[in-house]
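2 protein chains.
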Amino acid sequence: MLCKNNNLMTILEENNELKKMLFDGNFGLEKENVRVDKNGNLALTPHPAIFGLKEENPYIKTDFSESQIEMITPVSNSVDAVYNSLENLQNIVSDRIRDEYLWPNSNPPMLPAEEDIPIAVYQDPQSASRLYREHLAREYGKKIQLFSGIHYNFSFSDEFLEALRVELDCKSSLQAFKNQIYLKVAKFFMQNRWFLLYLTGASPLYLPDFLNSPAANEVSRETSDLALKNGISLRNSHVGYKNKASLHVNYESFEQYIASIQTWIDSGKIDSMRELYNPIRLKNSHTDQSLAGLAEAGVEYIEIRSLDLNPFDPNGITKEILHFTQLLLITGLLSDSEPFDKTHQEQSDLNEDRIAIDGLAKPNMYVEGAEISFDEAANKLLTSMEKVATLTQNGTLLHLLAEQRDIAKHPDKTIAAQILANSAGYVPFHMQQAKTYLDGSLQNAYKLIGYEDMELSTQIVLKSAVTKGLAIDILDRAENFFRLQKKDHVEYIKQATKTSRDSYISALIMENKVVTKEILAENGIAVPRGQDFSDIVAARNSFAKFADQAIVVKPKSTNFGLGISIFKDAYTKENFEEALKIAFSYDSSIIIETYIPGDEYRFLVIDGKIAGILKRVPANVTGDGIHTISELIDDKNLDPLRGTDHLKPLEKILKGPEETLMLSMQGYEMSDIPAKGQLVYLRENSNISTGGDSIDVTDKIHPYYQELAIKAAKVVDSNICGVDIIVSRETIPEGPHAIIELNFNPAIQIHSFPYQGENRRIGDIIIDFLFNIK
Amino acid sequence: MLCKNNNLMTILEENNELKKMLFDGNFGLEKENVRVDKNGNLALTPHPAIFGLKEENPYIKTDFSESQIEMITPVSNSVDAVYNSLENLQNIVSDRIRDEYLWPNSNPPMLPAEEDIPIAVYQDPQSASRLYREHLAREYGKKIQLFSGIHYNFSFSDEFLEALRVELDCKSSLQAFKNQIYLKVAKFFMQNRWFLLYLTGASPLYLPDFLNSPAANEVSRETSDLALKNGISLRNSHVGYKNKASLHVNYESFEQYIASIQTWIDSGKIDSMRELYNPIRLKNSHTDQSLAGLAEAGVEYIEIRSLDLNPFDPNGITKEILHFTQLLLITGLLSDSEPFDKTHQEQSDLNEDRIAIDGLAKPNMYVEGAEISFDEAANKLLTSMEKVATLTQNGTLLHLLAEQRDIAKHPDKTIAAQILANSAGYVPFHMQQAKTYLDGSLQNAYKLIGYEDMELSTQIVLKSAVTKGLAIDILDRAENFFRLQKKDHVEYIKQATKTSRDSYISALIMENKVVTKEILAENGIAVPRGQDFSDIVAARNSFAKFADQAIVVKPKSTNFGLGISIFKDAYTKENFEEALKIAFSYDSSIIIETYIPGDEYRFLVIDGKIAGILKRVPANVTGDGIHTISELIDDKNLDPLRGTDHLKPLEKILKGPEETLMLSMQGYEMSDIPAKGQLVYLRENSNISTGGDSIDVTDKIHPYYQELAIKAAKVVDSNICGVDIIVSRETIPEGPHAIIELNFNPAIQIHSFPYQGENRRIGDIIIDFLFNIK
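Same order as they appear, the protein sequences are chains A and B. Residue numbers for the first sequence follow my numbering, beginning at 1 and rising by one. Residue numbers for the second sequence follow my numbering, beginning at 775 and rising by one.
Here it is in structure tokens:
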């Protein structure tokens, strides 16, 4: 009994502060998918090494089987945030398993012989995790362990619960109050879970060799698979992953709840609390997960375990269902408690099994001890949920509830019905979904959803951090400042590449072009020799000094290549002076420097090794003899990696004055149709930010230049360094070249998502470097 | 003979390019001073340890005696630059020897018994330097080795010499040409040195026990010292530091020059080339200083050795004499050569000795073999020098020559005459000069002359670098970027405290106040609780949240205390909004945080140790019952350490609107006369940059706060860190306090030159840290 025996709905109605906090809460999701090969066979490969030890990575582990990946989101304080985390994990895992796929159904794919199903392997072959899985294999068989699903963890916000406790004038501690609250919510969930199962059940279809004995109302299909006739969820049915006997617990008080479970353990029906396969569990993350631990520490959150993987959603669950489930739990909090003794519990189990096996037929439901029609039962629940949504004036939820009401009316709109309706067959249908989802994940590989406001370089490093199981704290989003931790090892990082591994002065050296050039030159590294002038007379007088070499005359700070004159061959004093005049018309200072013929390359040097090498090519299109330049630009800009404002790894090519000018200098207009194979440049400069192409040449360029870049980074003592080199011919060593710049904050997305070439996984390289991961 | 037998004056007249380069050259000075105690006794203390090993410090060594400091400037390309270097060395050495003084005369001070004069001590007691000095002591006696003087090293610019060689159509190599040139110049110098001696001789006075036998025309004076009657330079006389026999060399050609010296060595008259105590030497710094080395490598520069210390100049020599000497050498280059055989050499030696012993009587001089009057001889030389000055239209030089002409006419205007004219006596006079010069050096201790455009912190570190004998390269003056080197150990430094010893991320953490606060708070360190706002509306809406506490409103990244409002007591929404407006006018983000009562302290932590602690007191004056606040400010601003624009360690107190407002808040006006002892604040903020006082409390504040500062630096992994702590009562541990900021680029001049308290020598601490000097 709650302290003040008031109706909570009434209290909430009158307390706006409480009402505001009602939907505050903490969310966590755990999702399992088995890995399959391209034909839908269970993958027999080991858990990918990139994820590190499954004992240590908190986000990406295995469940029962080595082939069964479990993705665990961090605890989030909103549905959006937790869903983003799940989506990111889905994208990351999909990206990293490549030649394999994530099987999108709770029922297993094509399985090998029972003995060939691999149990998860741990560092310590005698670890508790391993031994427990071996026990499960013996006790229940391996195949049934491959049922995969989603666990939904939820807690109300502490502020809300404390405010509620005060409002109810409760004398008990907050923890005792929580125990009471969550027990009430759990009971309500047990009573009403049948409807959530109706909505989310998604395992009516399975393969003939999965079950050892046929399920009730099992039917064979033309597509060589089996279906539960009118069924919704094999996984949640009595043939699913359940305790052998129904183990009812006592919901009267927290103490009685604990005592009742203790009885089952004492009787040997279950080994420990975690073997009690209830659809909802009371949990505390700060304990050893033992019953005694829970009894001692009290309930921190509840875990819902009955959600099937939704094969129609890339992430196995929709955001709508997350909201609906939260509303269901809140409704449980606010509703008056109904009795839930053994009989009621048996009836609720029966409700669940009827939905699982026969849900599409809308079987009768037991509600408050009476058997009533499915429609009546559904209406009763949805009505009480609507009251809560109305109370908080939550239009989105009301709309959502209207949709579920529609699904309640029309079983053919359930997920299960849609799965059964698909004619492709169990394996082909799910493999098609898996492949589509992989494509989507790869298209989003460059970004971390929910963090798109941060720089792409930062998103890439954060993704690698998740991949490798590091703890992440964002310290200052706007500044791209974050902290990573692996056990006791902490690293602070700003903008992906500003780390503890470079000294402050090293960054400052690179920031200062004069000092950088001086140090490089002292170390025998070619830099463009040159001189600054802010006085045209002095510049004119330097003619003799430069007359015998190819030079560039340019304004000191200019963009778009304006005001630049290049003299590759002999030139007169008049040519020279004309060039000075032009340059000075753009800036009060000009530079005359040696002209180095060639293309611009970015060498990314990390830890004294080449991490990636890009050739930067100015924005361009290649003619096909059919389309205009303008059309060719449009076509090239369709690439999903091309965006604007640095939100994507490549930038769209613009059709601005600079591009038009560049075309006209070559005798083109935007409406011209270049010949097939004709390369047309839209820019003089090769920056990626003005639509340039990034071509990965890491494996092509001569090692001479690689050694040069490594040396340049070394002389300024830099461990993460972008070295820009002009190279005349990339495959010929010791050709004309010059280092034009060292960058202390090199972009990494250009190497991870180049226009041409492979993903060099710079985020991984940085993290491995920072955390000494071999 | 020069290649084309032309008159060089004529060539120069016709070649403007050559004329422009004529005064280009490289200069170096070496100056010796013996150290004395406050009574004028030779100091018997060891060479100060702060200068490191005399074998290694290229700027500050000892000469013959352990008590005889030698200052060696780096090679500079202008008279101004070399003079600045000398002045800096003089200031540095003076500052560091403190309870001792630099004796400002070439003749020694009061000496102990011969056997107690300490010969310079080296790491290796058998080192060549030590053995050579022991040889000198045996050969010449120790006392005479204490003659101190100035060596002037000069070379023409290579560009000039090469252009001259080409103009003269010389077929010889540049080096052969140089050998010829410098031999010509040296010969001219030998012929005319008597006049330079007349101008610069400054050792006519000495103490009775100095010479073992009386000098000619020696007279006793009432002041218990001895004088050369009409004499100018004991040091340059025949009783000075000379070879026992006149060793003439052959100036006909470089080969003959070498051969003639070899003869003296072979005959045993001298031990090696360096024992040939000629007034001018031909040298090459890239050799082992042997005759064979010089013969092989050729002449690089010439060294003039006859300059006495000028006791009327703090630096022992005037800039005018540096210019005059250069002009003399140039005149030697351009003049037609006169014969200089043995007879001429003997006559030139006689000239020198006559000036040294009897110069004030203007003795006859031998010029071109004939004995003529002093006036005639001086006129001849000055006229030829004037021709050179006229050729180059150098008005300054012409003016300088007019001055020297005047001195030539009036012997009483010579330095020597002025020394003789002083009635205080040899020791008292020179001790008074020494003390005056020390005061001057200490007043300039905060700056490095010639580098005043760089930050004070940088100047201080550079001074310490000179003190400790490190090689210095200024890489980017405007950016205060420089490089230090000690043997193979190179350190790059920007702005004194940005070094290789801090990681890049550590600086970035400190730069970000939000991140810093978060990390400090996580580590249990008290920080002001607060909040950031980048939106003024959101900031306004936070009024209720902060209304009941004392707060500070400030721009997120601020300097010099600008834009900060402090509310210690109740304040209105209007006050609050006004403060927001002010803060937002300085930055797009602002911080509102709890105000911590107390004073602001800056803890400078270097290498995990406290380097200095300052209390910062807002600009203030203390009443005397007589003067107005305005007058008290003027008086306080007279402190030579107070300046403007951060050019000095303290800033002048202004009388602007902020100060007037602050006064009015206390009920004062500028024209009020505060009572005696009444402290009146002119500023709320305690920044030194707005006239605040810096009070060194390193030895006063409770260790609790010192440990706190060290811990704060440690948690952000910073090795050079300014920790700002508000402390309520500095002697009481664990009192109210909060760390308000960590600074990654802390000012160091405030600890080195505080308003009250001692110089904490932060430059030394930084260099010792960077170079692992114990």
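Glycine is no exception: its CB is placed at the ideal position from the N, C-alpha and C atoms.
Check                                                                                                                                                                                           : Outcome
Taking the alpha-carbon of E1142/B as reference, which of E1112/B, L1171/B, A1135/B has the nearest alpha-carbon?                                                                               : E1112/B
Starting from M71/A and walking both ways along the beta strand (DSSP E), at which residues does that stretch end?                                                                              : 68-72
Distance, Cα to Cα, A1033/B vs L1056/B?                                                                                                                                                         : 14 Å
Please list, in chain order, all residues of the same chain as R1179/B whose beta carbon is under 6 Å from its beta carbon, the five residues on each side excluded.                            : L1156
Mind checking whether A712/A and I525/A have CB atoms under 7 Å apart?                                                                                                                          : yes
Between A723/B and L1102/B, which are expected to be in contact by the criterion C-beta below 8 Å, what is the C-beta distance as a whole number of angstroms?                                  : Here chain B comprises residues numbered 775 to 1548, so residue 723/B is not present and cannot be evaluated.
Report the rounded CA-to-CA distance for Y1455/B versus A1393/B, giving the unit in angstroms.                                                                                                  : 6 Å
Specify whether the stretch 451-465 of chain A and the stretch 645-659 of chain A touch according to this definition: at least 3 beta carbon pairs, one from each stretch, less than 8 Å apart. : yes
What do you reckon, are the CB atoms on V187/A and F340/A nearer than 7 Å?                                                                                                                      : The question names Val, but residue 187/A in the sequence shown is Lys. Yes.
Sort S588/A, H135/A, Y595/A by Cα distance to D548/A and report the nearest one.                                                                                                                : Y595/A
Kindly say whether D768/A, judged by its beta-carbon, lies nearer than 7 Å to any beta-carbon of chain B.                                                                                       : no
Quick check: the stretch 397-415 of chain A against the stretch 427-436 of chain A, are at least 3 beta-carbon pairs closer than 8 Å?                                                           : no
I want to verify the contact list: residues of chain B whose CB lies under 8 Å from the CB of T499/A, in sequence order.                                                                        : S1277, Y1278, I1279
Got a sec? Which residues, its chain only, sit under 6 Å from A950/B by beta carbon, not counting five neighbours each side?                                                                    : none
Closer than 7 Å, Cβ to Cβ, to anything on chain A: give me those residues from the stretch 931-962 of chain B, in chain order.                                                                  : none
Rounded to a whole number of angstroms, what is the C-alpha to C-alpha distance between L663/A and F567/A?                                                                                      : 21 Å
For M110/A, does the three-state DSSP call read helix, strand or coil?                                                                                                                          : strand
In chain order, what residues of the same chain lie with their CB nearer than 6 Å to the CB of S1238/B, ignoring the 5 residues before and after it?                                            : G1537, D1538, I1541
According to DSSP, F27/A sits in a beta bridge with which residue or residues?                                                                                                                  : S76/A, F154/A
Give me the subset of the stretch 454-470 of chain A whose CB atoms are less than 9 Å from a CB atom of chain B, sorted by chain position.                                                      : none
Assign S1064/B to one of two classes, buried (16 or more other C-beta atoms within 10 Å of its C-beta) or exposed (fewer than that).                                                            : exposed
Nearest to E1253/B by alpha carbon, out of A1270/B, V1240/B, H1263/B?                                                                                                                           : A1270/B
What does V514/A reach in chain B if we use C-beta pairs closer than 9 Å?                                                                                                                       : L1249, D1250, E1253, F1255
Evaluate the contact criterion for the stretch 264-283 of chain A versus the stretch 106-116 of chain A: three or more CB pairs, one atom per stretch, below 8 Å.                               : no
Would you kindly check if the distance between the Cβ of L971/B and the Cβ of Q1010/B is under 7 Å?                                                                                             : The sequence as given places Asn at residue 1010/B; Gln does not occur at that position. The answer is yes: Cβ separation under 7 Å.
Identify every run of the beta strand (DSSP E) within the stretch 216-251 of chain A, keeping only runs that are complete inside it and at least 3 residues long; order them along the chain.   : 218-220, 226-228
Kindly list, in the order they appear in chain B, the residues whose Cβ is closer than 7 Å to that of L508/A.                                                                                   : K1268, K1272
Between L1428/B and the rest of its own chain, which residues show a CB-CB distance below 7 Å, the 5 nearest in sequence each way excluded?                                                     : G1465
At 9 Å on the CB atoms, spell out the chain A contacts of D1491/B, in chain order.                                                                                                              : Y492, S500
Can you name the start and end residues of the alpha helix (DSSP H) that D1262/B belongs to?                                                                                                    : No alpha helix (DSSP H) holds D1262/B; DSSP gives it neither H nor E.
Figure out for me which residue from N278/A, I701/A, D502/A has the closest Cα to the Cα of N743/A.                                                                                             : D502/A
Taking its Cβ as the centre, do 16 or more other Cβ atoms sit within 10 Å of M431/A, making it buried, or is it exposed?                                                                        : buried
Rounded to a whole number of angstroms, what is the C-alpha to C-alpha distance between S797/A and M665/A?                                                                                      : Within the shown structure, residues of chain A are numbered from 1 to 774, placing residue 797/A beyond reach of any answer.
Any idea if S1041/B is buried or exposed, counting beta-carbon neighbours within 10 angstroms, 16 or more meaning buried?                                                                       : exposed
Beta strand (DSSP E) containing E1248/B: first to last residue?                                                                                                                                 : The residue you asked about is not Glu; residue 1248/B is Ile in the sequence shown. That run of the beta strand (DSSP E) goes 1245-1250.
The stretch 512-545 of chain A: which residues have C-beta closer than 9 Å to a C-beta of chain B, in chain order?                                                                              : N512, V514, V515, E518, I519
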